[in-house]
Amino acid sequence: MKSSSMAVALGVLGVVFILVAVLYALGVLQIFTSTTSGPHYKHAILFVVLAVASFVAANFARPKLV
Amino acid sequence: MGLLQGASELFPVSSLGHAVLAPSLLHWSFKQSDPSFVPFLVLLHLGTATALLVLYREQWVDIIRGFFSAALRGQIKTDTERLAMLLLVGTIPAAILGVFLESRIKSLFASPYVAAGFLIVNGLLMLGFEFLRRRKERGASRTEQESHFAEAERISFRAAALVGACQALAFLPGISRSGITIGGGLLAGLRHQEAARFSFLLATPVILGAGLVEVPELFKGGVPILEYVAAAILSGIGAYASARFLLRYFRSGRLDPYGWYCIAAGLVALALLHFDL
Chain C
1 MKSSSMAVAL
11 GVLGVVFILV
21 AVLYALGVLQ
31 IFTSTTSGPH
41 YKHAILFVVL
51 AVASFVAANF
61 ARPKLV
Chain Y
1001 MGLLQGASEL
1011 FPVSSLGHAV
1021 LAPSLLHWSF
1031 KQSDPSFVPF
1041 LVLLHLGTAT
1051 ALLVLYREQW
1061 VDIIRGFFSA
1071 ALRGQIKTDT
1081 ERLAMLLLVG
1091 TIPAAILGVF
1101 LESRIKSLFA
1111 SPYVAAGFLI
1121 VNGLLMLGFE
1131 FLRRRKERGA
1141 SRTEQESHFA
1151 EAERISFRAA
1161 ALVGACQALA
1171 FLPGISRSGI
1181 TIGGGLLAGL
1191 RHQEAARFSF
1201 LLATPVILGA
1211 GLVEVPELFK
1221 GGVPILEYVA
1231 AAILSGIGAY
1241 ASARFLLRYF
1251 RSGRLDPYGW
1261 YCIAAGLVAL
1271 ALLHFDL
């Protein structure tokens, strides 16, 4: 399962999650929210956590020199 | 209410179910639609999370250290590092479902009748978990039976994700977060005490996170902050005492008594609500 392409994909996913988090925090993104205006910090925090998890997973997937 | 929430949050009997049922049954003038209800719940959750952090303070220091070591190295080398990653994997599904679905589910099912009904379902689930567990047990004494099962660090990542996702069921009033995660841990092959430990560790970031994101609600006008802080302290004391009790109880105890309690409490609550007693 360890491959550089998998690691890159997970890294890119992490960057996408960061972007989504910023959009929620700025109130630009209003998808799956209880109100349709204003920032959604709860959603933003969730996507930051998902980004961290993706970067960690990318580091695990990266081929290592033994 | 603080003591009730704190104590029942960790017991496998559904704190939310009790929080919905108790005011209706005891005729307390306490409405969940009241604007001060969310700040109240926030502080109670922070009280419970603080109690869990105090209880596992040394383990949390190791877990956080283990998380950073494993994350930076890209490799798991110790049991604590594995536990840290298991907790991350278990927390993510609950966090996703919590953020996107919690308010919708809670508003759909926040009725005392529904809470009583789900309390009965929760009881049946607890008995079901124990029924499935007994089929895997060997040995005469309880100590011998438990010795064949694993510690929290040995649970698989898939099982951790599944147990974490099961936490979302606790948004239904009457379904217990700790009950469902302890039950999931048992099915994944953990000892009762270890399933309880994994459940409490898994609950800490979720409860703390759910509380912290709502903190701004506390600073809105009309919140009787001193009374709420007192309730939060009582909630913390209740949670600490119940966690200590449960970890001791699950050395040899099972979920069955809580299952029967939930079924009985649900039936009694339905009868009381029906006859408006």
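Residue numbers (our numbering), protein chains in the order written: chain C, 1 to 66; chain Y, 1001 to 1277. Every residue gets a Cβ at the ideal spot worked out from N, C-alpha and C, and that includes glycine.
Residue(s) in a DSSP beta bridge with residue i
i                      : result
residue 1150 (chain Y) : Y:1190
Within chain C, partners of residue i - CB distance below 9 Å
i                      : result
residue 1103 (chain Y) : 34
residue 1088 (chain Y) : 49, 52, 53, 56
Interface residues of chain C facing residue i [CB-CB closer than 7 Å]
i                      : result
residue 1164 (chain Y) : Correct list: empty, because the minimum Cβ distance to chain C is about 12 Å.
residue 1074 (chain Y) : 59, 60, 62, 64
residue 1100 (chain Y) : 32
Endpoints, alpha helix (DSSP H) assigned at residue i
i                      : result
residue 1213 (chain Y) : Taken as a continuous stretch (DSSP letters only), residue 1213 (chain Y) belongs to no alpha helix (DSSP H), as it is neither H nor E.
residue 42 (chain C)   : 41 to 61
residue 1112 (chain Y) : 1112 to 1134
residue 1158 (chain Y) : 1157 to 1166
residue 23 (chain C)   : 4 to 26
residue 1140 (chain Y) : Neither: residue 1140 (chain Y) is in no alpha helix (DSSP H) and is coded neither H nor E.
residue 1062 (chain Y) : 1057 to 1073
residue 1002 (chain Y) : 1002 to 1010
residue 1274 (chain Y) : 1256 to 1274
residue 1242 (chain Y) : 1225 to 1249
Of the listed residues the options, nearest to residue i (C-alpha basis)
i                      : options                        : result
residue 42 (chain C)   : Y:1206, Y:1248, Y:1272         : Y:1206
residue 1072 (chain Y) : Y:1157, Y:1085, Y:1043         : Y:1085
residue 55 (chain C)   : Y:1088, Y:1199, Y:1048, Y:1138 : Y:1088
residue 1254 (chain Y) : Y:1140, Y:1133, Y:1097, Y:1059 : Y:1133
residue 1083 (chain Y) : Y:1267, Y:1067, Y:1247         : Y:1067
residue 1271 (chain Y) : Y:1218, Y:1112, Y:1241         : Y:1112
residue 1187 (chain Y) : Y:1219, Y:1216, Y:1137         : Y:1137
residue 61 (chain C)   : Y:1127, Y:1070, Y:1059         : Y:1070
residue 1257 (chain Y) : Y:1195, Y:1160, Y:1201, Y:1130 : Y:1130
residue 1236 (chain Y) : Y:1090, Y:1054, Y:1021, Y:1026 : Y:1054
residue 1059 (chain Y) : Y:1039, Y:1197, Y:1215, Y:1026 : Y:1197
residue 32 (chain C)   : Y:1103, Y:1062, Y:1050         : Y:1103
residue 23 (chain C)   : C:34, C:12, C:14, C:39         : C:39
9 Å Cβ cut-off: residues of chain Y touching residue i
i                    : result
residue 50 (chain C) : 1092, 1095, 1096
Cβ distance (whole Å) where residue i is taken to contact residue j below 8 Å
i                      : j                      : result
residue 1017 (chain Y) : residue 1234 (chain Y) : Wrong, their Cβ atoms sit about 19 Å apart, outside the cutoff.
residue 1250 (chain Y) : residue 1193 (chain Y) : 4 Å
residue 1175 (chain Y) : residue 1014 (chain Y) : 6 Å
residue 1189 (chain Y) : residue 1149 (chain Y) : 6 Å
residue 1184 (chain Y) : residue 1212 (chain Y) : Not confirmed; about 25 Å, so no contact.
residue 1173 (chain Y) : residue 1118 (chain Y) : 6 Å
Per-residue contacts from residue i into chain Y (C-beta, under 7 Å)
i                    : result
residue 45 (chain C) : 1213
residue 56 (chain C) : 1071
Where residue i meets chain C, residues with beta-carbon distance less than 8 Å
i                      : result
residue 1046 (chain Y) : Residues of chain C passing the Cβ test: none, with the nearest at roughly 16 Å.
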